[in-house]
Structure formats: structure tokens, C-alpha cells
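K.L.:
In this note's numbering, the protein residues as written are 14 to 617.
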Amino acid sequence: MKNQKKQDTRKNLDIKSQFKKVDTGIKDGIFIFTSPLSVEEFSKKINKPISEILKYFFLKSKILNVNSILSENEIGELCLEFNYDFEKRTNVDETNVLGNIKIEDDRKDLKPRPPIVTIMGHVDHGKTTLLDYIRKTHIARGEAGGITQHIGAYQINYNKQKITFIDTPGHAAFTEMRARGANVTDIVVIVVAADDGIKPQTEEAIDHAKAAKVPIIVFINKMDKPNVNPDKVMTQLSDHDLMAEEWGGQTITIKGSALVGLNVDKLIEAILAVAEVNEYKANPNRLGMGIVLESRIDRGMGPVATVLVKNGSLTKGDFMIVGSTYGHIRAMFDESLKEVNVAYPSQPVKITGLSEVPAAGDHFVVSTNEKDIKEIAEKIRLHKIMQARQEATFVSSSKEGNKNLNIILKTDVHGSLEAIKGILSKVNVEGTFLQLIRSSVGGITESDVTLARASGAVIIGFNIKPSRATRDIADHQKIKILFYDIIYKLKEDIENLLLGQLDPIYEEQETAEAIIQQLWKHSDVGVIAGCLVQNGEMNRNDNARVLRDGAVVMKTKIASMKHLKDTVNKVSAGTECGVTLEGFNDLKIGDIIQTYKMVTKKRG
Numbered sequence: 014m015k016n017q018k019k020q021d022t023r024k025n026l027d028i029k030s031q032f033k034k035v036d037t038g039i040k041d042g043i044f045i046f047t048s049p050l051s052v053e054e055f056s057k058k059i060n061k062p063i064s065e066i067l068k069y070f071f072l073k074s075k076i077l078n079v080n081s082i083l084s085e086n087e088i089g090e091l092c093l094e095f096n097y098d099f100e101k102r103t104n105v106d107e108t109n110v111l112g113n114i115k116i117e118d119d120r121k122d123l124k125p126r127p128p129i130v131t132i133m134g135h136v137d138h139g140k141t142t143l144l145d146y147i148r149k150t151h152i153a154r155g156e157a158g159g160i161t162q163h164i165g166a167y168q169i170n171y172n173k174q175k176i177t178f179i180d181t182p183g184h185a186a187f188t189e190m191r192a193r194g195a196n197v198t199d200i201v202v203i204v205v206a207a208d209d210g211i212k213p214q215t216e217e218a219i220d221h222a223k224a225a226k227v228p229i230i231v232f233i234n235k236m237d238k239p240n241v242n243p244d245k246v247m248t249q250l251s252d253h254d255l256m257a258e259e260w261g262g263q264t265i266t267i268k269g270s271a272l273v274g275l276n277v278d279k280l281i282e283a284i285l286a287v288a289e290v291n292e293y294k295a296n297p298n299r300l301g302m303g304i305v306l307e308s309r310i311d312r313g314m315g316p317v318a319t320v321l322v323k324n325g326s327l328t329k330g331d332f333m334i335v336g337s338t339y340g341h342i343r344a345m346f347d348e349s350l351k352e353v354n355v356a357y358p359s360q361p362v363k364i365t366g367l368s369e370v371p372a373a374g375d376h377f378v379v380s381t382n383e384k385d386i387k388e389i390a391e392k393i394r395l396h397k398i399m400q401a402r403q404e405a406t407f408v409s410s411s412k413e414g415n416k417n418l419n420i421i422l423k424t425d426v427h428g429s430l431e432a433i434k435g436i437l438s439k440v441n442v443e444g445t446f447l448q449l450i451r452s453s454v455g456g457i458t459e460s461d462v463t464l465a466r467a468s469g470a471v472i473i474g475f476n477i478k479p480s481r482a483t484r485d486i487a488d489h490q491k492i493k494i495l496f497y498d499i500i501y502k503l504k505e506d507i508e509n510l511l512l513g514q515l516d517p518i519y520e521e522q523e524t525a526e527a528i529i530q531q532l533w534k535h536s537d538v539g540v541i542a543g544c545l546v547q548n549g550e551m552n553r554n555d556n557a558r559v560l561r562d563g564a565v566v567m568k569t570k571i572a573s574m575k576h577l578k579d580t581v582n583k584v585s586a587g588t589e590c591g592v593t594l595e596g597f598n599d600l601k602i603g604d605i606i607q608t609y610k611m612v613t614k615k616r617g
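Dropping the structure here:
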């Protein structure tokens, strides 16, 4: 009996019980729909003639037909026109169930949990330094380009109370990652440098926090520096509807310094005060569920994911579905890489044991029903494949007539992968098309090189390098592999690569003007023009045009140039010379010879 496994009393979730089929139509005076509808479909569901719908839009100067697709706003307009309220709902099936799980635990089962805090702000305003000070570690050092490249999650103890911090990168490249951070957080701390004020990334962070509808605390940093202006920062905050408490508003604002620790304790106490007011709770006695913050391939451990437990608890050995992958938790580690057996609500842990690398932002659920998990994961995987194929079909039809650049993207972690994909989607060089034909976490493999050769792609590695054998194969097959550890440098190079795909654009660059002062006829070379170079430098192989009374009478090239009796290759302003032109002798005294060369015009 001593070795008998302890019975698991945690409450299980039947994932399939979350499936929900929504019927489009009128119910209790409300028009319920799940997606855009055609005019014909809407007319049938609401039992109104198509002609009435078309007339409604015609009077608004919109010409539609029976097959026109109505947007959500247009459906809402029509419902109000026909005296119905309206509501959009979501069909929940295997493909989206993980992100739409709704659980209502009994209040008696809910226990207080640590607040989840996200640090946000503009690059170099001190976010990581603040978190570094709080944790008494030094993660701010050694990052390429001064940018925290990945989301990290850490739990601290302060006066016997726990707080979970999520550190999101502050560079503009990581808007998507900051948005993800805000969506899993309870409280957002916006860091603003007192000597710099609110910047574009600060504004984005504020927008993300507001969209997530979470409390915002502002830490006005770098107060240890001279010539700071915190009042300017508070004025800027008020312009974004964040009025400081000391100015009569609702926003907690703390002036301090992450570098020397000034008022950092006040910030932590403010976080705990907000947490106490909001009473963050969860049910630790159910099977765990939450979200993936980060993922990667570890050479020794295989797929590794940093997950945040939102409800329930995780234990070693749990069987879980994570996006389109699944597996038994083989090991769990806390932020100090200390192995743990149980992870409770609000706790971030690194887990191993999954069959594949999940995506950052994927939801996870622990279940005792392995059959359902495998079935749902496979449906999600197939759904992703179908979406990718549809996207590829759209891409193929969109790129016609453009110069194309195919890219294979490999990164060390999923957060970087998503951030770089977001950047690449915004790269726009007229006349070109960028196609991401493969993107995944992990090392550059021989398979990537083979695909690059077949598709003419460039391979991009972010924070990873191929093996010597793979590199040799790539070199032999003349496959270009580019390596980066700074994202904005990657973006710049991709734009240059796209520009290099285009045919060159040439423009004229004038080199000199000379006025004809004398003319001589020579039996061998034709007419020689005695000129005075008025400006610039005339070169032997320049293109030339002859101007007479401001009009171009001939376009040709310089055939020969002499200064005194010497043949020369160039003549500078203020110098006299003798010039002959290719194929043109009808010159007159007073004509202007204007020389120029064709140079490649820089794009972008």
C-alpha cells in the first residue's frame, strides 16, 4: 500500500462538452449570427424580401446584389432597420475549443492567486532594469542590440506574497508579443522615462492595456537623472486618459528609479493593493489550463514550452493538449530552473514532454481523456494545414506580375518567430512580393536547404546556426543563408533584398555644360567644336545633348576631347577644349553641349 499512487482529486474537464453549435436566425427578438452572410442568406434568415435589403442600401448609395457579402456592421444596420436586436456568437468545435472554454467554478472552490503583472513601455525606458532590480538578477545584460528578445515570466515573493511578472520586449518589432502579454495579464505596469516622456511604443502599450481592460500603474522611471520632468510625463498621460491620482485622477503613478531602486517597493506595494481590491482567484483543485508564453526546441530535452497556469493546477505526468500538439508532462521547472512537481494558478513553468513545439499564444488544457485530446489536436492540426493552403493559394494568385523573394525562416524560439513574421508581413516594396514558404522553430536542416534550392529561397536564421554538414551542403548548392540576432537589421536587409530583385531604374545625372566658341572642320574627324566648360566636369565617354536656344537639337556621345594638343579624358570647369561628337556635325557657335551619364536610381 505504501507505493500506491495517490488518487487525483482534481476536477476534470470534458472538453467536448464545450462544443457549441449556434443556429443563425431570430430568437426572442434577437438576430443571432456567427459570420458574415450574403444578402440572399440574410433575407432567408430574417424572412424579408431581397428587394427590401437592396433598396435599403441603394438609398444609401450602395449598389449590392443577391450574392454580396454583408459585413457585421451592415448586418447590424439591417437588424436595427427591421426592429431586431442582434448578437454575434461563436460556433465552438474542435478547431477553436481551446480558446473558447468557459468555466464557472463554485465560489467555495476559489482560492486567492498571485496577480499576473506585465511590464510594458518604450525601448530603453527601463522595463528590464526594473524587473531585474525586483528579481535581484541581471537579465538586462548581454542582449543583442539592447533588446529583450523573448517573453520571460518570473514569480517573486514580497513580504510572503507572490507576484508573477511577464516581461515583454519593448522594441517596436514586438507589438504582437506585447499584445499577447496584455491579454494574459491582470495588471499592466507602464514604464515611462522621466527624461524622455511618452513615445510611440508607450502609446501602443497603453492601447494594449486598455483593450485588455486591466488596471494600469505607471512607473515614471529614471528620476535619479538630472533635468527630468515628471510633470511633463503626467501631462502626457492625462492626454491618454490616464490622470494621475495626485492630480485628482484614478491612475496610480509612482516616480522612481529602477537603476538605484528608488520607490520600487512602493510600486510592488501598489501592485499588491490593486490585487487585493480586485480579489484575483482561481480553483487550484481542477485540472490545469492556461496559455503558452514561449516555446523552443532544446537539444537535450526536445520541445520545451513556458506556460502560464490560469486556472487549476499542473502536476508532473499530466496529459495535456497544447494547440495542435499534446503529451505527458515529463518535467516542470520554475524561473530558477528548479524542478517542481506542481504548478498552481498564476505560476509560470517550463514544461517538457510534448510531441511538438507549440505556438506562443496557444491555449492548453489538461484532461484525463487521452482519446479526445489526440482527436481534437489532430483536427486543430488539419485546420491549420487547410488555412495555410488557402493562404498559399491566395499568395500565389496575388504575386502575379511582381518580382518575388521566397524566404525560409527558422528561429530559436516561437516568440521571435511570430514577431519576425509580423514584421515581414508589413514589408512593402512596390513591384515586389515576399513569400514566406516555411517558418518554424528549430535549427536549419538539410530539408530547409533542399526546399530553398527547389524554390529559389533565401534561408534566414534568427539566433540559430546550422551544423557544419548542413552549411557545407548549402555552400555547395549556393544557397544563401543569412544570420541575425537583431530584428531591425533583419528587416532592413530584407527590404534591400527585395529592392535587389527589381530591374534597375536609371536617371540622368548631368556632368557638365560647355559653350561652343569656335568651329573647325577636319577631313578625318568632322567638325571640331572649340568649347569653354562652364560648370561641372566633362568626361570622354559621357552622353551629350546639343542645346540651341534652349531646345535639344541632338542627343549623342562625346567622340573625342583635346586640351591644347593633348588628347584628354576629362576637362574641368573654366577650361577650354576641343570636342567632337559622334555622328553630328551641324554645330553652331553659341550652342551648348550638355553632358550627362546614366546612373542607377536608389529605390525606396
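A virtual CB, placed ideally from N, CA and C, is assigned to each residue, including glycine.
1. Quick one: what's got a C-beta closer than 6 Å to Val322's C-beta in the same chain, skipping five residues either side?
2. Is any heavy atom in the ligand FMN found nearer than 7 Å to the beta carbon of Asp118?
3. Express the C-alpha separation of Ile233 and Gly210 in angstroms, rounding to a whole number.
4. Which residue or residues does DSSP assign as beta-bridge partners of Gly543?
5. Pick out the complete beta strand (DSSP E) segments inside the stretch 230-296, 3 residues or longer, and give them in chain order.
6. Starting from Lys40, follow the beta strand (DSSP E) in both directions and report where the run begins and ends.
7. Under the three-state reduction of DSSP, which class applies to Gly435: helix, strand or coil?
8. With 16 other CB atoms within 10 Å as the buried threshold, where does Ser409 fall?
9. Can you give me the start and stop residues for the beta strand (DSSP E) that Pro361 sits inside?
10. With distances taken from CA atoms, which of His376, Thr569, Leu123, Asp118 is nearest Glu292?
11. Contact defined as beta carbons within less than 8 Å: I believe Thr338 pairs with Ala390. What is the distance between those atoms, to the nearest angstrom?
12. Would you check if there are 3 or more beta carbon pairs closer than 8 Å linking the stretch 536-553 to the stretch 465-482?
13. Please name the residue, chosen from Arg299, Arg343, Pro297, that lies closest to Gly315 on a Cα-to-Cα basis.
14. Please classify Met551: is it buried, with 16 or more other beta-carbons within 10 angstroms of its beta-carbon, or exposed?
15. To the nearest angstrom, how far is it from the Cα of Leu306 to the Cα of Gln522?
16. If you draw a straight line from the C-alpha of Gly596 to the C-alpha of Thr569, how long is it?
17. Rounded to whole angstroms, what's the CA-CA distance from Asn582 to Asn419? Just pull it up for me.
18. Please report the residue range of the beta strand (DSSP E) in which Phe99 lies.
19. Among Thr593, Gly456, Asp21, Ile169, which residue has its Cα nearest to the Cα of Pro297?
20. By the 10 Å Cβ neighbour count, where 16 or more other Cβ atoms means buried, how is Leu383 classified, buried or exposed?
21. Nearest by alpha-carbon distance to Glu117: which of Glu54, Gln31, Ile571, Phe332 is it?
22. First and last residue of the alpha helix (DSSP H) that includes Phe475?
23. Along the beta strand (DSSP E) that carries Ser30, what are the first and last residues, could you check?
24. Measuring only the C-alpha atoms, how far is Glu258 from Val241?
25. Have a look at the DSSP bridge pairing and note the partners of Thr569.
26. Taking the CB atoms as reference points, tell me whether Ala271 and Tyr167 lie closer together than 8 Å.
27. Which residues in the same chain as Ser81 place their Cβ atom closer than 8 Å to its Cβ, once the five residues preceding and following it in sequence are excluded?
28. In terms of alpha-carbon separation, which member of His489, Ile486, Asn476, Leu594 lies closest to Leu495?
29. Measuring only the C-alpha atoms, how far is Met14 from Lys478?
30. Determine the burial state of Thr613: buried for a count of at least 16 other Cβ atoms within 10 Å of its Cβ, exposed for fewer.
31. I need the boundaries of the alpha helix (DSSP H) containing Asp311, first residue and last residue.
32. If you run the structure through DSSP and keep just helix, strand and coil, what is Tyr497?
33. Shortest alpha-carbon distance to Tyr171 belongs to which of Ile59, Asp278, Phe46, Lys363?
34. If we ignore side chains and look at the alpha-carbon of each, how far apart do Ile267 and Glu217 end up?
35. For Thr215, report the span of its alpha helix (DSSP H) as first-last.
36. If you measure between the beta carbons of Val197 and Ile179, is that distance less than 8 Å?
P.N.:
Taking the coordinates as given:
1. For the purposes of this step, residue 322 is taken as the residue at position 309 of the sequence shown. If we look at Val322 and ignore the five residues flanking it on each side, its Cβ neighbours are Gly301, Gly303, Ala356, Pro358, Gln360.
2. Ligands in the displayed structure: none, and consequently the ligand FMN is not present.
3. Here residue 210 is taken as the residue at index 197 of the sequence shown, counted from 1. Here residue 233 is taken as the residue at index 220 of the sequence shown, counted from 1. If you take the alpha carbons of Gly210 and Ile233, they lie about 9 Å apart.
4. Within the sequence shown, residue 543 is the residue found at index 530, counting from 1. According to DSSP, which records beta bridges pairwise, Gly543 is partnered with Gln531, Gly591.
5. Listed in chain order, they are 265-268.
6. Mapped onto the sequence shown, residue 40 falls at position 27. Lys40 -> beta strand (DSSP E) spans 38-40.
7. As a first step, residue 435 must be located in the sequence shown, where it is residue number 422. The answer is helix: DSSP assigns Gly435 an H, G or I state.
8. If you number the sequence shown from 1, residue 409 lands on position 396. At Ser409, the pLDDT of 45 sits below 50, so the modelled position is not reliable; the number obtained from the coordinates is stated separately. So Ser409 ends up on the exposed side.
9. Residue 361 sits at position 348 when you count from the first residue of the sequence shown. First-last of the beta strand (DSSP E) with Pro361: 361-367.
10. Your numbering for residue 292 matches position 279 in the sequence shown. Closest by alpha carbon: Leu123.
11. Walking along the sequence shown from the start, residue 338 turns up at place 325. Walking along the sequence shown from the start, residue 390 turns up at place 377. The pair is a contact, with the Cβ atoms about 6 Å apart (cut-off 8 Å).
12. no
13. For the purposes of this step, residue 315 is identified with residue 302 of the sequence shown, where counting begins at 1. Selected option, being the one with the closest Cα: Arg343.
14. The sequence position of residue 551 within the sequence shown is 538, counting from 1. Label assigned to Met551: buried.
15. In the sequence shown, residue 306 corresponds to position 293, counting from 1. In the sequence shown, residue 522 corresponds to position 509, counting from 1. Cα to Cα, the separation comes out at about 54 Å.
16. Within the sequence shown, numbered from 1, the residue matching residue 596 stands at position 583. Within the sequence shown, numbered from 1, the residue matching residue 569 stands at position 556. Computed Cα separation, rounded: 7 Å.
17. On the sequence shown, residue 582 is found 569 positions in, with the first residue counted as 1. On the sequence shown, residue 419 is found 406 positions in, with the first residue counted as 1. Their Cα atoms are separated by approximately 45 Å.
18. Locating residue 99 in the sequence shown gives position 86, where the first residue counts as 1. 98-101 is the span of the beta strand (DSSP E), which, as asked, contains Phe99.
19. Within the sequence shown, residue 297 is the residue found at index 284, counting from 1. When each option's Cα is compared against that of Pro297, the closest is Asp21.
20. In the sequence shown, the residue the question calls residue 383 occupies position 370. The identity of residue 383 in the sequence shown is Glu, whereas the question assumes Leu. By the 10 Å Cβ count, Glu383 comes out exposed.
21. Taking the sequence shown and counting its residues from 1, one reaches residue 117 at position 104. Of the candidates Glu54, Gln31, Ile571, Phe332, the one whose C-alpha sits nearest the C-alpha of Glu117 is Gln31.
22. What you label residue 475 is simply residue 462 of the sequence shown in a count that begins at 1. Run containing Phe475: none in the alpha helix (DSSP H); it sits in the beta strand (DSSP E), 471-475.
23. The residue given as residue 30 occupies position 17 in the sequence shown. Note, Ser30: premise wrong, no beta strand (DSSP E); not H, not E.
24. In the sequence shown, residue 258 corresponds to position 245, counting from 1. In the sequence shown, residue 241 corresponds to position 228, counting from 1. The straight-line gap separating the alpha-carbon atoms of Glu258 and Val241 is approximately 20 Å.
25. By one-based count along the sequence shown, residue 569 stands at place 556. Answer by DSSP bridge pairing, in chain order: Ala557.
26. Indexing the sequence shown from 1 puts residue 271 at position 258. Indexing the sequence shown from 1 puts residue 167 at position 154. It is not a contact, given that the beta carbons lie outside the stated cut-off.
27. The residue labelled residue 81 in the question sits at position 68 within the sequence shown. Result list for Ser81: Ser51, Val52, in chain order.
28. Position 482 of the sequence shown, counted from the start, is the residue given in the question as residue 495. The candidate whose alpha carbon is nearest that of Leu495 is Asn476.
29. By 1-based counting over the sequence shown, the position of residue 14 is 1. By 1-based counting over the sequence shown, the position of residue 478 is 465. Note on Met14: pLDDT 44, under 50, position unreliable in the model; the coordinate value appears next. Whole-angstrom Cα-Cα distance: 52 Å.
30. On the sequence shown, residue 613 is found 600 positions in, with the first residue counted as 1. Residue environment analysis places Thr613 among the exposed positions, since fewer than 16 neighbouring C-beta atoms fall within 10 angstroms of its C-beta.
31. The sequence position of residue 311 within the sequence shown is 298, counting from 1. Not the alpha helix (DSSP H): Asp311 falls in the beta strand (DSSP E), residues 302-311.
32. The residue you call residue 497 lines up with position 484 of the sequence shown. Looking at Tyr497 - three-state DSSP - the assignment turns out to be strand.
33. On the sequence shown, residue 171 is found 158 positions in, with the first residue counted as 1. Closest option to Tyr171, judged by alpha-carbon separation, among Ile59, Asp278, Phe46, Lys363: Asp278.
34. Working through the sequence shown from its first residue, we reach residue 267 at position 254. Working through the sequence shown from its first residue, we reach residue 217 at position 204. Their backbone Cα atoms lie some 20 Å apart in a straight line.
35. One-based indexing of the sequence shown puts residue 215 at position 202. Taken as a continuous stretch (DSSP letters only), the alpha helix (DSSP H) holding Thr215 covers 213-225.
36. Translated into positions along the sequence shown, residue 197 becomes position 184. Translated into positions along the sequence shown, residue 179 becomes position 166. In this structure, Ile179 lies closer than 8 Å to Val197 by Cβ.
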